[in-house]
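Working notes, beginning with the structure itself.
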Amino acid sequence: MVGPAAAGAARAYDHVVVGGGGAGCVVARRLAERGSAVLLLEAGPDDAGREDVADAGSWPAMLGGELDWGVSYAPSPQVAGRRIPLPRGRVLGGSSSTNAMLWYRGHPSDYDGWDLPGWGWADVAPRLELAERVLRVERPRDPHPVATALVDAVVAAGRQGAGGLAELAELTAAAEDDGAGGVRSRRWSTSRAYLRELPPLEQLPGSGSLTVVTGSPALRVEVEGGRATGVVHLLDGQPVTSALVSGGEVVLCAGAVETPRLLLASGVGDPADLARLGVPVVSALAGVGRNLQDHPLLEGVTLRLREPRGPVRDNGGGAVWNWRSASPRSDAPDLHCFVTQAACATPAVAQAHELDRSDPHLVGLGVGLMGSRSRGHLVVRDLAPGGAVDLHPGLLADPADRAALLEGLRDVLDLADGPVFSALGAQRLAPLPTLTSDTGDTDLEELMSLACTTFFHACGTAAMGRQDDGTAVLDPELRVRGVDGLRVADASAFPTVPTSNTLAPVVALAERAADLLVPWSVRR
Ligand SMILES: Cc1cc2nc3c(=O)[nH]c(=O)nc-3n(C[C@H](O)[C@H](O)[C@H](O)COP(=O)(O)OP(=O)(O)OC[C@H]3O[C@@H](n4cnc5c(N)ncnc54)[C@H](O)[C@@H]3O)c2cc1C
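Mapped onto this note's numbering, the consecutive letters of the sequence shown carry residue numbers 1 to 524.
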């Protein structure tokens, strides 16, 4: 591991990976263990030794903090004109170091539905299984009572198995000895798992090298004669160029906001955007920054239990319910509910209901639409990493999304008002008990517009597609069209957001990206 001050050796690399996040740590490690000389550039600091990252229950406190890029979604009428923060990890491990740690593979139809060679369920599933071993994915061993209550409530409502499943959640957090005779739940980010816990490269015959530089934001990819030749990045605040060996490749893994920014800074994008930003056209690709997708999440159901809820366990949740609406997007369950060992309320909902978040009796139920159809776009205003960008995700813009999420909200209100939560002495604080599943659409839609927020699953802004797809930025092997030696391997590459939390598909995509870049068979 190399920190910011020590880096900058004048040498060329087989691969420069930009962004040490959910995908980048996986790609960099896999390439290095197959013999490549790899440089991994991360804008943020190292995550090693940080208790806020390691403790599974601490992630909400990191939202908007020093490890966050601090971007937000632009206001829109569907969300009552509110600006919605979009947290993104700016630290080694990226958002896998700051996220909520739910591991959800999605459904076979998510991947088969992309209809791209090499990306079907049969290709992705083995890579998910591999990643689950590396990331020590496990379910809560001693779940919080509210987690158990969600599963029991679904069973009591007769909804278990009927087009859906409630279960203790799989997490990239594992129980570890706390040194005092108990256990504590600790995060397994991709930085921890792939950079620190896998066997050292020196122990692997034929492996190459991995140089990790933190605090070093990339500014652009150098392209000469239609081929990537290196990356310009800041080192101690000064721009330097790290070059590729002949035939080497740059892999952008900077996430769904910063990857399209880097493409534009490198001359890849819509010519109108490039002209506005003053960048000469290298490859005219109108799809860069289009196709922005995220799942809408409702943070609007908060209950007050008779007893205090007790210390936080696991990731502060612990159970999920996935089920199908009347008109799902695909064969997959499109609705999702999770519990929170705290209030579940946007600032607007909390204010409207005068919630006291410090009340130790509060728990919540989040409702998400995983089978969302709405799509939006982003507009880069400033090419500097983390600079101004207008993000228009189009949350709830599609009427079918509003109808499905309304159905999900009604189902969850029924659970909240049912016998299992009643047995815990639950009083509904938000929405007020006068709002029930029988309430008319207008009032529930008003709640929905105040409660809608990001599920943190931004993706799709440099999407792959078939050769004849004019909007595709990448070919099915993740190559940027029109530039040799440049690929994208992160959440930007998804053509359609899977019906799951996005880390699992990101890691599977990263594992496959490494296989495309350096197949096992050519390992040196
Ligand atoms: C608060 C939160 C909660 C979430 N909860 C869950 C969850 O429970 N389960 C789940 O599956 N998913 C969850 N997600 C989403 C999931 O973590 C992301 O989809 C996934 O990490 C995306 O991977 P990525 O590699 O595309 O981007 P990231 O993981 O965000 O990584 C991008 C990396 O690139 C770096 N970078 C950016 N620009 C530059 C540059 N110019 N130069 C160098 N480095 C750069 C960033 O600092 C970052 O480290 C959550 C996300 C957040 C933020």
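All C-beta atoms, glycine included, are put in the ideal place defined by N, C-alpha and C.
Contact check for ALA326 against ALA404 passes: the beta carbons are separated by less than 9 Å. Per DSSP, SER72 is one residue of the beta strand (DSSP E) stretching across 71-73. Counting only runs of 3 or more residues that sit fully inside the segment 434-511, the beta strand (DSSP E) segments are 452-454, 486-488, in chain order.
Burial state of PRO87 is buried, judged by a 10 Å Cβ sphere holding 16 or more other Cβ atoms. Here the C-alpha atom of ALA463 lies approximately 11 Å from the C-alpha atom of GLU477. Non-local C-beta neighbours of VAL134 in its own chain, meaning closer than 6 Å and more than five positions away in sequence, comprise ALA193, ordered along the chain. Runs of alpha helix (DSSP H) with 4 or more residues, each lying fully within the segment 322-372, are found at 347-352, listed in chain order.
If you look at GLY255, you'll find it isn't in any beta strand (DSSP E); it sits in the alpha helix (DSSP H) that goes 255-265.
Looking from the CA of HIS392, the closest CA among VAL257, GLY113, VAL367, SER216 belongs to VAL257. Using a 10 angstroms sphere on the CB of VAL379, the tally of other CB atoms stays under 16, which defines it as exposed. Residue pairing by DSSP puts THR211 in a beta bridge opposite LEU39. Distance check between LEU168 and each of GLU176, PRO140, GLY179 places PRO140 closest, using alpha-carbon atoms only. Here the distance from the Cβ of GLU511 to the nearest heavy atom of ligand 1 is not below 8 Å.
Residue environment for ALA37: buried (at least 16 other C-beta atoms within 10 angstroms of its C-beta). Three or more Cβ pairs drawn from the segment 260-270 and the segment 217-226 lie within less than 8 Å of each other, which places the two stretches in contact.
A distance of 9 Å or more separates the beta carbons of LEU486 and VAL154. Boundaries of the alpha helix (DSSP H) harbouring THR148: 145-156, taken from the DSSP string. Secondary structure note for LEU63: it is in no beta strand (DSSP E), with a DSSP letter that is neither H nor E.
Under DSSP, ASP273 forms no beta bridge with any residue. When DSSP reads this structure, GLN78 sits in no beta bridge, so it has no partner.
About 7 Å separates the CB atoms of ALA350 and ALA343; that is less than 8 Å, so the two are in contact.
Distances between the C-beta of ALA147 and the heavy atoms of ligand 1 are all 8 Å or more. In its chain, beyond the 5 residues on either side, ALA174 have a beta carbon closer than 6 Å to the beta carbon of GLU138.
In this structure, the CA atom of THR453 is about 12 Å from the CA atom of LEU447. By the criterion of at least three beta-carbon pairs nearer than 8 Å, the segment 487-498 is in contact with the segment 245-259.
When C-beta atoms of the segment 298-307 are compared with those of the segment 411-430, three or more pairs fall below 8 Å, so the two segments count as touching. Three or more beta-carbon pairs drawn from the segment 123-130 and the segment 511-519 are found closer than 8 Å, and the two stretches are therefore classed as touching. Check the Cα spacing between LEU204 and each of THR461, GLY278, GLY35: the tightest is with GLY35. Judged by beta-carbon spacing, GLY371 lies beyond the 9 Å limit of LEU298, meaning their Cβ atoms are not closer than that value. In this structure, ARG90 has its CB closer than 8 Å to one or more heavy atoms of ligand 1. Its chain contains ASN322, GLY368, MET370 as the residues whose beta carbon lies nearer than 6 Å to that of HIS336, once the 5 sequence neighbours on both sides are disregarded; these appear in chain order. Relative to ligand 1, even the nearest heavy atom lies 8 Å or more away from the CB of PRO393. Under the DSSP assignment, SER422 falls in the alpha helix (DSSP H) whose first and last residues are 419-423.
With fewer than 16 other beta carbons inside 10 angstroms of its own, ARG11 counts as exposed. In this structure, DSSP gives ALA12 an extended state, which the three-state scheme calls strand.
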